[in-house]
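Engineer: End of the sequence shown = 1140 in the numbering used here, gap-free, step of one.
Where a beta carbon is used, it is the ideal one built from N, C-alpha and C, also for glycine.
Because the structure is a prediction, the values reported are computed rather than measured.
Structure incoming, see below.
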Amino acid sequence: MVIGLIPARFASTRLPGKPLVDLGGLSMIQRVVAQARLANLARVVVATDDERILRHVQDFGGEAVLTRPDHPSGTDRLWEAFQQLGSPAGTGPTGYDPAEVHCIVNIQGDEPFIHPAQINALVDLFADAATAPAIATLVKPVVSEEELFSPHLPKVVLNQQGEALYFSRHPLPFQRQYPPAAWLAHHRYLRHLGLYAYQPAVLQQLTQLPVSPLEAAESLEQLRWLEAGFRIRCAETELDTFGIDTPEDVEKARARLKG
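Printed below as a string of structure tokens:
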């Protein structure tokens, strides 16, 4: 069984209450849930620290659980939510046995345009238990200098097995023989999309790791996992999406919905 969990916090420095922001008649979190339900997931559950979001999700027919408000990361919130979803006997609030779950997909609650095919690209990696990765995430080719040099769009380099070697807010790799304006013409760059999938036992291990030096330097949680020795398999997509973090992003999303 594969389940999708969507962390959704009410507090946001730049856009308070953003999961409830109206986008063309539907809240942002409702749009994320609707897109996730189109993917190959047995169920989709919102993990929130706020009763307003909990009630809202329940009102539109979605599933949600209330988590502690003091989690240091979305990964920790995810693990608490997974533990709440069912007891070992399968008598939990959603009535299933967590032991049956072989993959948990972490879907960002602020990406209303996420495509089901992006989620399925990760789910497919876990179809065979013998070859399933510990962790998987999504990458996309960089198509512009704006993307390449934006610190808000982390870049990633892979090994020959499609596993992440490093993530950075700086372009990777640095090309010594060319000026930065020519980098895209001489190398195929990849950027990271914030969609993850994990084996449940691995997710539990990730929540027990301390903040690492590289993570602290780049402010990228996945570097904590790499430093601890976990491998991260990367699936590639040509489909794009974008997160909503500011009022300007909200207007951009509304304009996109209007076509």
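So, are the CB atoms of L1071 and V1023 less than 8 Å apart?
Structural biologist: Note that the C-beta distance between L1071 and V1023 is below 8 Å.
Engineer: Can you tell me whether A1011 is buried or exposed? The criterion is at least 16 other CB atoms within 10 Å of its CB, across all chains shown.
Structural biologist: Classification for A1011: exposed.
Engineer: Taking the DSSP output, what are the residues bridged to L1039?
Structural biologist: A1045
Engineer: Take M882 and list the residues in its own chain whose beta-carbon comes closer than 6 Å to its own, dropping the five residues that flank it on each side.
Structural biologist: A923, E981, V982
Engineer: I need the boundaries of the beta strand (DSSP E) containing N987, first residue and last residue.
Structural biologist: Where N987 is concerned, the enclosing beta strand (DSSP E) stretches over 984-987.
Engineer: Are the beta-carbon atoms belonging to R918 and V926 less than 8 Å from one another?
Structural biologist: no
Engineer: For L907, name the three-state secondary structure that DSSP assigns.
Structural biologist: The three-state secondary structure of L907, taken from DSSP, is strand.
Engineer: Please tell me whether H996 and T1122 are closer than 8 Å, where the distance is taken between their beta carbons.
Structural biologist: yes
Engineer: Are at least three pairs of beta-carbons, each pair with one atom in the stretch 1087-1099 and one in the stretch 1000-1010, less than 8 Å apart?
Structural biologist: no
Engineer: With H, G and I counted as helix, E and B as strand and the rest as coil, what does DSSP make of I1000?
Structural biologist: helix
Engineer: Would you check if the distance between the CB atom of R1114 and the CB atom of P1014 is smaller than 8 Å?
Structural biologist: yes
Engineer: Tell me which same chain residues have a C-beta within less than 7 Å of the C-beta of A970, skipping the five on either side of it?
Structural biologist: The pLDDT assigned to A970 is 40, lower than 50, so where the model puts this residue is not dependable; a value taken from the coordinates is nonetheless given after this. Contacts found: none.
Engineer: If contact is defined by three or more beta carbon pairs under 8 Å, each pair taking one atom from either stretch, is the stretch 896-908 in contact with the stretch 1124-1135?
Structural biologist: yes
Engineer: Assuming contact is defined by CB atoms lying nearer than 8 Å, are I985 and V913 in contact in what I supplied?
Structural biologist: no
Engineer: Taking all protein chains shown into account, decide if R1137 is buried (16 or more other Cβ within 10 angstroms of its Cβ) or exposed.
Structural biologist: R1137 comes out exposed.
Engineer: Assign E992 to buried or exposed, taking buried as 16 or more other Cβ atoms, counted over all protein chains shown, within 10 Å of its Cβ.
Structural biologist: buried
Engineer: In this structure, how does DSSP classify L1138 when only helix, strand and coil are distinguished?
Structural biologist: Looking at L1138 - three-state DSSP - the assignment turns out to be helix.
Engineer: Could you pull out every residue in the same chain whose Cβ sits closer than 6 Å to the Cβ of R895, ignoring the five residues on either side in sequence?
Structural biologist: D1126, T1127
Engineer: Quick check on the DSSP output: the beta strand (DSSP E) that includes V1020 runs from which residue to which?
Structural biologist: From DSSP, the beta strand (DSSP E) with V1020 extends over 1016-1022.
Engineer: In whole angstroms, what separates the C-alpha of I1000 from that of Q1085?
Structural biologist: 21 Å
Engineer: Determine the closest residue to T929 out of T1018, H1051, A962, M909, with distance taken between C-alpha atoms.
Structural biologist: A962
Engineer: When you compare each of Q1042, L1053, L1095 to S1031 by their alpha carbons, which one comes out closest?
Structural biologist: L1053
Engineer: Alpha helix (DSSP H) containing G955: first to last residue?
Structural biologist: 955-965
Engineer: Ignore the nearest five residues each way along the sequence and tell me which others in L1095's own chain have a CB closer than 6 Å to its CB.
Structural biologist: Closer than 6 Å at Cβ, skipping near neighbours: L1104, E1108.
Engineer: Let me know the secondary structure DSSP gives L1104 once reduced to three states.
Structural biologist: helix
Engineer: Report the partner residues of P888 according to the DSSP bridge assignment.
Structural biologist: A928
Engineer: My output table needs one value for H1073: the three-state DSSP class, helix, strand or coil.
Structural biologist: In the displayed model, H1073 falls within a strand according to three-state DSSP.
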